Amino acid sequence: MLRRDEGATIAEIAAATQWRAHTVRGAMSGALKKRHGLKITSQLDAIRGRIYRLPDTKVMFKTTRAAHYTYANGLLVLGRTETLNV
Numbered sequence: 623m624l625r626r627d628e629g630a631t632i633a634e635i636a637a638a639t640q641w642r643a644h645t646v647r648g649a650m651s652g653a654l655k656k657r658h659g660l661k662i663t664s665q666l667d668a669i670r671g672r673i674y675r676l677p678d679t680k681v682m683f684k685t686t687r688a689a690h691y692t693y694a695n696g697l698l699v700l701g702r703t704e705t706l707n708v
């Protein structure tokens, strides 16, 4: 849901997962941000409220700590130093 163009609100994620709102916030803060190092953006929308997104990130779960890849100029970029051609 966070990777969709329209993103997702806490209420939408909670309804889809049948979690409580504080659990959704905790999962985003703890697992996604801290453990996996993903950057979650948020934007305030007049109609939907605060919308959260994961911008152009592909998560690879090979270990308990995920490596994250981003796409830049047609290249797959690992972290800040390694670049792989796609």
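Note that the sequence shown covers residues 623 to 708 in my numbering.
Even for Gly, the Cβ is constructed at its ideal location relative to N, Cα and C.
Here the structure is a predicted model, which means the values were calculated and not measured.
Alpha-carbon spacing of residue i relative to residue j, whole angstroms
i, j, result
"Leu624", "Tyr674", "6 Å"
"Leu654", "Asp667", "23 Å"
"Thr645", "Lys661", "18 Å"
"Arg647", "Thr631", "10 Å"
"Ser651", "Ile669", "24 Å"
Unbroken alpha helix (DSSP H) run spanning residue i, endpoints
i, result
"Arg648", "The question names Arg, yet the displayed sequence has Gly at residue 648. First-last of the alpha helix (DSSP H) with Gly648: 643 to 648."
"Ala638", "632 to 639"
Beta strand (DSSP E) segment containing residue i, residue limits
i, result
"Ile673", "671 to 675"
"Thr663", "663 to 667"
Collapsed DSSP secondary structure at residue i in the structure displayed
i, result
"Leu624", "coil"
"Gly659", "coil"
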